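Input: a single structure, listed below in structure tokens.
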Amino acid sequence: MDTKNLRSQIEKIDTLPTIPSTLRKLLSVIEDPKVSLSDIGSFISNDPVLTSRVIKVVNSPIYGFPGRISSVNQALILLGLNVVKGMLLGVSVFEAMKKTMEGLWEHSIGCAVTSKIIGTKKGLADIEELSVAGILHDIGKVAMGLKFLDEYKGLIKKAIDKNVLLIDLEKELFFVTHSETGAWIGQRWNFPKSLIEILEYHHKPQLSKNYAIQTAVVHLADILVRAKGFGFAGDYLIPTINPIAWQRVGLSKDELKEVIAEMEDSLAESGEFNLEDD
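Encoded structure:
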């Protein structure tokens, strides 16, 4: 299959019968460039399950408002439009993540939490948007898994059996990786440019030009979470940290120790957090 045809199919995943109905409805809302917080608030309020999940996520270690947020409107005001849109996508692809790869949701939560910890440590702006990037950084895997379920599960099995990186097997079979398909999805669904760049380059952070530090942060968070064995990203081989990304983030040895300690505490809390309906 050529890349153009593959991209066309990936971009149409919202038409697949396996896509949760909530996600399909949500996409019709957020794809509108004129959508407002009020529009999104109304959408959430009309879906009790989505309302419950949004409240759970906002009160989780991802956003650091434990026990403080009790209403959707309060969450919208605190987080802002772009963060809320990304959070809703994360919540809505939860079911799709479970179908694609057991443990991917947990890995994504871990990456969100760790990205926020690193970003806070380095004094970066838009910390909540880094959390969104952490949640959605592997959305390309979801897209490939939903569209090519049998083939993708075969790649995961092969990655485990041969102890190789899933991303390398993706390239062999599809001639593209989840980084690229994630960026396609981001463009199709009107993600912010910063998020699209992070999705595309989180495995090749040296290529990120406009959001280099943010991409490097998510790259580092991804590897740290994998090294801790929190969740499952499709293989068990731990990638090497890109030296350019490491330099851009600029963590000292003491800061890294602090990040890891805080990450371990937060991941322990996150391990008790799930979106299953009560």
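Add 267 to the 1-based position in the sequence shown for the numbering used here, that's all there is to it. The beta-carbon is built from N, C-alpha and C at its ideal position, and this holds for glycine as well. Just so you know, these numbers come straight off a predicted model, no measurement behind them.
Between residue 386 and residue 375, the gap from beta carbon to beta carbon reaches 9 angstroms or more. Cβ neighbours of residue 330 within its own chain (closer than 6 angstroms, five residues either side excluded): none. Considering only 340, 438, 336, 480, the residue with the shortest C-alpha distance to residue 396 is 480.
Within the same chain, 463 come within 7 angstroms of residue 454 by CB-CB distance, once the 5 residues on both sides are set aside.
Residue 522 and residue 388 do touch by the CB rule: their CB atoms are close to 6 angstroms apart, below 8 angstroms.
Following the DSSP letters along the chain, one finds residue 320 inside the alpha helix (DSSP H) bounded by residues 315 to 325. Three or more beta-carbon pairs drawn from the segment 506 to 516 and the segment 460 to 478 are found closer than 8 angstroms, and the two stretches are therefore classed as touching. 508 is the residue among 508, 493, 280, 303 whose C-alpha sits nearest the C-alpha of residue 483. Residue state for residue 411 is assigned as helix, using DSSP reduced to three classes.
Within the segment 363 to 410, the complete alpha helix (DSSP H) segments at least 4 residues long are 371 to 388, 394 to 403, listed from N- to C-terminus.
Distances from the CA of residue 503 to each of 272, 354, 429 were compared; the closest alpha carbon is that of 429.
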